[in-house]
């Protein structure tokens, strides 16, 4: 697993199109929950991976770390549908309202239980401030992580939800939507799932 949410250092890639939603527009129609008193805009969808430039400890995640990437993400809008394929990345980028104070943020990935570990919630710390967008990307690095079902990528600050973005992960064979124009197409892997009690 590779997960990122860090102001000023974001994971990204080239995509066929970008989806930019203002806080007052189509987010609700897509099932997105948004605190528009604190969040000015969101981008979300599929993305391509970029170069890893570091990592940080994140004990609330299955791997115990998050990777830090160089670049700025562009997202491909697939209507919230994600293929369960190894190497696929999807996520959210959020902008704070102008003049808003910096906030310490808890990032959550909610998903079906992983085979072999039972993990269904992963969390780590981040921050967001005006002029410094926060990005949260999830990549299927191991086959057991590509769990079909409802996923939600969320952010919370001061006990209140900033956003919650749903994604429906479907079996690779059932996905007929577009894919980001990545250098290396994602392919479902064959590695075994980890055993119970151990991280990936």
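Numbering (mature numbering (1 follows the signal peptide of the UniProt record, and there is no 0)), first residue to last: -27 to -1, 1 to 173.
Ideal Cβ positions, reconstructed from N, Cα and C, are used throughout, including at glycine.
Kindly give me the distance between the Cβ atoms of residue i and residue j, rounded to whole angstroms, as I take these residues to be in contact under 8 Å.
i, j, result
"residue 61", "residue 113", "5 Å"
"residue 95", "residue 34", "4 Å"
So residue i is in the beta strand (DSSP E); what residue range does that whole segment cover?
i, result
"residue 115", "Per DSSP, residue 115 belongs to no beta strand (DSSP E) and is neither H nor E."
"residue 27", "25 to 30"
"residue 148", "Run containing residue 148: none; DSSP gives neither H nor E here."
"residue 64", "62 to 69"
"residue 122", "122 to 130"
"residue 82", "76 to 83"
"residue 42", "38 to 42"
"residue 98", "94 to 101"
"residue 18", "12 to 20"
Who are the near neighbours of residue i in its chain, counting only those whose CB is closer than 7 Å to its CB and skipping five residues on each side?
i, result
"residue 18", "-9, 48, 49, 50, 51, 63"
Buried or exposed for residue i, please, with buried defined as at least 16 other CB atoms from any protein chain shown within 10 angstroms of its CB.
i, result
"residue 156", "exposed"
"residue 82", "buried"
"residue 153", "buried"
"residue 25", "exposed"
"residue 14", "buried"
"residue 1", "Residue placement at residue 1 is flagged as unreliable, the pLDDT there being 45, under the threshold of 50; the coordinate-derived value follows with that caveat. Classification of residue 1: exposed, given that the 10 Å Cβ count is below 16."
"residue 43", "exposed"
Go through its chain and collect everything with a Cβ distance to residue i's Cβ below 6 Å, but skip five positions before and after it.
i, result
"residue 4", "139"
"residue 85", "120, 122"
"residue 137", "6, 125, 127"
Compare the C-alpha of residue i against each of the options and name the closest.
i, options, result
"residue 128", "87, 115, 27, 101", "101"
"residue 151", "45, 16, 20, 9", "20"
"residue 104", "68, 80, 40", "68"
"residue 9", "27, 73, 37, 28", "73"
"residue 115", "40, 71, 59, 55", "59"
"residue 71", "28, 132, 57, 12", "12"
Taking 8 Å as the limit between beta carbons, can you name the residues of its chain near residue i, skipping five residues before and five after?
i, result
"residue 78", "-23, 98, 99, 100, 101, 107, 128, 129, 130, 135"
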